[in-house]
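Line by line, the protein sequences are chains A and B.
Terminal number for the first sequence in the working numbering: 283, no gaps in between.
Terminal number for the second sequence in the working numbering: 324, no gaps in between.
Beta carbons: idealized from backbone N, C-alpha and C, even for Gly.
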Amino acid sequence: MKDLNVKELNVLAAQIRLETLKVIRSRGFGHVGGSVDLAEMMAVLYGAAMRFDPKNPRWPDRDWLVLSKGHAGPAAYATFGLMGYYPLEEAYTLNHPHTRFPSHTDRLLTPGVDLTTGSLGQGASSAMGAALGNKLDGRDSRVYLVVGDGEADEGQVWEAFHFAAAHKLDNVVVFLDMNGYQLDGPTADILDHGDLPGKIAAFGLYTQQVDGHDVAAIYHALEAAHAHKGSPSCIVLKTCKGKGATFAEASHAHSSTPSEAQWAEAIQAAEQALEAARLA
Amino acid sequence: MSFKLIGKHEKDARASRDAIVTTLEELMDANPSVCYVDCDLMGCLNTKELWKKHPDRALQAGIAEANAAGVCAGLAATGKKVFFHSFGTFSSRRCYDQIYMSAAYAGLTVHVLGSDAGVTAAFNGGTHMPLEDAGMYMSIPGATVIDVCDYDQLYSVMHGLVHTEGVTYTRFVRKDIIQIYAPGSEFQIGKGVTLHESDKDQCTVICAGILVDEALKAYEALQSEGISLRVIDMFTWKPLDEALVIKAAAETGAIVTAENHNVTCGLGAAVANCLAKNRPTPQEFVGVQDRFGQVGPQSFLMDEYGLRAADITAAVRRAVARK
Chain A
4 MKDLNVKELN VLAAQIRLET LKVIRSRGFG HVGGSVDLAE MMAVLYGAAM
54 RFDPKNPRWP DRDWLVLSKG HAGPAAYATF GLMGYYPLEE AYTLNHPHTR
104 FPSHTDRLLT PGVDLTTGSL GQGASSAMGA ALGNKLDGRD SRVYLVVGDG
154 EADEGQVWEA FHFAAAHKLD NVVVFLDMNG YQLDGPTADI LDHGDLPGKI
204 AAFGLYTQQV DGHDVAAIYH ALEAAHAHKG SPSCIVLKTC KGKGATFAEA
254 SHAHSSTPSE AQWAEAIQAA EQALEAARLA
Chain B
2 MSFKLIGKHE KDARASRDAI VTTLEELMDA NPSVCYVDCD LMGCLNTKEL
52 WKKHPDRALQ AGIAEANAAG VCAGLAATGK KVFFHSFGTF SSRRCYDQIY
102 MSAAYAGLTV HVLGSDAGVT AAFNGGTHMP LEDAGMYMSI PGATVIDVCD
152 YDQLYSVMHG LVHTEGVTYT RFVRKDIIQI YAPGSEFQIG KGVTLHESDK
202 DQCTVICAGI LVDEALKAYE ALQSEGISLR VIDMFTWKPL DEALVIKAAA
252 ETGAIVTAEN HNVTCGLGAA VANCLAKNRP TPQEFVGVQD RFGQVGPQSF
302 LMDEYGLRAA DITAAVRRAV ARK
């Protein structure tokens, strides 16, 4: 991990949020809520924690990112563009014909995407396979897996957690994006999980819970996760679905089709937030 | 491809699954990137010794096939050559979306092994009887789908799979099997095997798996009646050896397909698709006629579903009459 620089990470998070909005705006509609709420996590991962090489995306010694909630692709495309995997403007082709930037992450299309996701729950298992493969090869690479709280309805997520704990995959850090909402409404109304962090801990993951929009808290939780040996870790991010996207933050919508005026307002607000982060 | 037909309708002294055990051990000994993932059925495949020998790469995923399939995809993404086994029902239906998206759609290679092909699930009954497994895999773009007929074919196919890209699915019989080929026979994935042919052939039986022995019996029965039959072991269902199918249709004018699988979506359907596009030819379908499986001895089930030599000879007569 690089030394903690809160201001630098907040600026990066604001950049990621702004660029995520621009990427989705290029198509006009998309999964805004569950993309922008990951900006701080992505900033800490790519600004301080992860080992990666934009010029060699499949570098064998890299750390892996698996967005099992694949619909958060735009947050990844914005981050990868900012990191130099490709010119950011290329990602402004989201969901256009023959784009390299589909709504759900695809390892065959986008540099920086390690595993293909979209059918919920599946990235959890393939992430564990990648973690196991890295261990077999004697690499100290880590796999960062991002699972949504709605996604945790899928039994496969729990099969994967069970597998990771049984195989002692301490090179895995799961981020559980607990934004409290899924497509049809609040997760508590759809299929209430009860004590979700408690259940994850009961599956054998070293589990912490932090404010998902506090870069310092995420950073320190990662330090603790890295120090923990013998079992996989989970950092539960308490987030606001739609955070910083003015039209989505209040509704916590899964997918948004804003008007031009709403887009303009959201982009302006994100630009102001970036400026404020720079001046802080 | 170099093979020697034995075809005396005699049971092999070797259990079919031992071809997999032997090959996996050879491959894992020779190549540190070969992994094998099972779902609490090592005891059924007889791979527990392999688990002891390579505890790091012979992996237990427990009774959780969906996760296991995803783990295989992730291993493949790190460069591993992965074999994944469960009963055919569970290595197809139970993890189909995982194989489809995490492996095939993602461009990753996983070799799926489905044991107890079709009615050979016998005493485990209809819940465990895969009659659509190959069809499901055939509908995955670019997948390779194989139904092997004996020990030596399985052994050769296993070695061929290591050099095959993409998702592959191999269905096989776990225990007792009739010996069709001599030891050392070698097969090429994607190439059908012509077992009998002459310029007097009036019909061709295109078969696979346990129906190969039945087709050989049908060949003998019809020969005694003066009817000459061509017999092709089409162990690769996808990609289909279309050139061989078209040649057989052109030279014999009638086709019978014979499979231990639902005829709506397996070998017969693939052959019909090929013929309809290239050379419309009368075709009769021996196989399970869109029914569920059920419990019972394999011999009873083969009678019940019409998977016998007599069913093939009757189908040949129907096909020839339609010329």
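Taking just the CA atoms, how far does V39 (chain A) sit from H257 (chain A)? 11 Å
Assuming V47 (chain A) is part of the alpha helix (DSSP H), what are its boundary residues? Segment 42-47, the alpha helix (DSSP H) holding V47 (chain A).
Any chance you could list the beta strand (DSSP E) runs of at least 3 consecutive residues sitting entirely within the stretch 263-306 of chain B, in chain order? 284-289
Taking the beta carbon of H107 (chain A) as the centre, do at least 16 other beta carbons fall within 10 Å, making it buried, or is it exposed? buried
Please return the same chain residues whose Cβ sits closer than 7 Å to the Cβ of H165 (chain A), not counting the five positions on each side in sequence. F206
Determine the extent of the beta strand (DSSP E) in which L196 (chain B) is found, giving its start and end residues. 194-197
Of all the options B:D151, B:T282, B:A144, which has the alpha carbon lying nearest to the alpha carbon of L162 (chain B)? B:A144
From which residue to which residue does the alpha helix (DSSP H) around H1 (chain B) run? This structure gives no information on residue 1 (chain B), because the portion of chain B shown stretches from 2 to 324.
What residues in the stretch 86-115 of chain B have a beta carbon less than 7 Å from any beta carbon of chain E? Among the protein chains of the structure shown, namely A and B, there is no chain E.
At a CB-CB cut-off below 7 Å, which residues of chain B make contact with E162 (chain A)? Around E162 (chain A), the beta-carbon contacts reaching into chain B at under 7 Å are A65, A67, N68.
With DSSP run on the structure shown, which of helix, strand or coil describes H112 (chain B)? Three-state DSSP puts H112 (chain B) in a strand.
When the distance is taken between beta carbons, is L51 (chain B) closer than 8 Å to L25 (chain B)? yes
May I ask you to list the residues that DSSP assigns as paired with K239 (chain B)? B:V146
Interface residues of chain A facing D57 (chain B) [CB-CB closer than 7 Å]: L139
Is the stretch 78-89 of chain A touching the stretch 113-124 of chain A, taking contact as three or more C-beta pairs under 8 Å? yes
Output the distance between the C-alpha atoms of T205 (chain B) and L241 (chain B), rounded to the nearest integer angstrom. 16 Å
Check the Cβ of A144 (chain B) against every Cβ in chain A and list those closer than 7 Å, keeping chain order. None at all; the shortest Cβ gap to chain A is about 16 Å.
Nearest neighbour of W62 (chain A), chosen from B:Q203, B:E187, B:T79, B:C275 [CA to CA]: B:T79
Pull up the CB-CB distance for F188 (chain B) and V232 (chain B), whole angstroms please, since I reckon it's below 8 Å. That pair is no contact at about 15 Å.
Assigned exposure category for Q271 (chain A) - 16 Cβ within 10 Å defines buried: exposed
Start-end ranges of the beta strand (DSSP E) lying completely within the stretch 15-64 of chain B, minimum 3 residues: 35-39, 59-61
Return the chain-ordered list of same chain residues with a C-beta closer than 7 Å to the C-beta of A107 (chain B), the five sequence neighbours on each side being excluded. A74
Any idea if T190 (chain A) is buried or exposed, counting beta-carbon neighbours within 10 angstroms, 16 or more meaning buried? buried
Should C73 (chain B) be flagged as near chain A, meaning a C-beta pair shorter than 8 Å? The beta-carbon of C73 (chain B) is placed less than 8 Å from the nearest beta-carbon of chain A.
Counting Cβ pairs closer than 8 Å, one from the stretch 32-50 of chain B and one from the stretch 147-161 of chain A, do we hit at least three? no
Cα-Cα separation, K58 (chain A) to V177 (chain A): 26 Å
Residues from the stretch 103-128 of chain A in contact with chain B, defined by Cβ distance under 9 Å: D109, R110, L111, D117, L118, T119, T120, G121, S122, G124, Q125, G126, A127, S128
Identified DSSP bridge partners for R231 (chain B): B:T205
Residue closest to G50 (chain A), alpha-carbon to alpha-carbon, out of A:V218, A:C237, A:A155: Relative to the Cα of G50 (chain A), the nearest Cα in the group A:V218, A:C237, A:A155 belongs to A:V218.
Can you list the residues of chain A that L6 (chain B) reaches, using a CB-CB cut of under 8 Å? Near L6 (chain B) there are no residues of chain A at all, since even the closest Cβ is about 41 Å away, more than 8 Å.
Three-state secondary structure assigned by DSSP to L123 (chain A): coil
Is K49 (chain B) close to chain A? Criterion is C-beta to C-beta, closer than 8 Å. no
Using only the alpha-carbon positions, how far apart do D195 (chain A) and K202 (chain A) sit? 12 Å
Is there at least one Cβ from chain A nearer than 8 Å to A271 (chain B)'s Cβ? no
From what residue to what residue does the beta strand (DSSP E) around C73 (chain B) run? Segment 66-78 is the alpha helix (DSSP H) holding C73 (chain B); no beta strand (DSSP E) there.
Contact set for F286 (chain B): own chain, Cβ-Cβ below 6 Å, skip 5 residues either direction: Spatial neighbours of F286 (chain B) in its own chain (CB-CB distance under 6 Å, excluding positions within 5 residues in sequence) are listed in chain order as T258, V264, G269.
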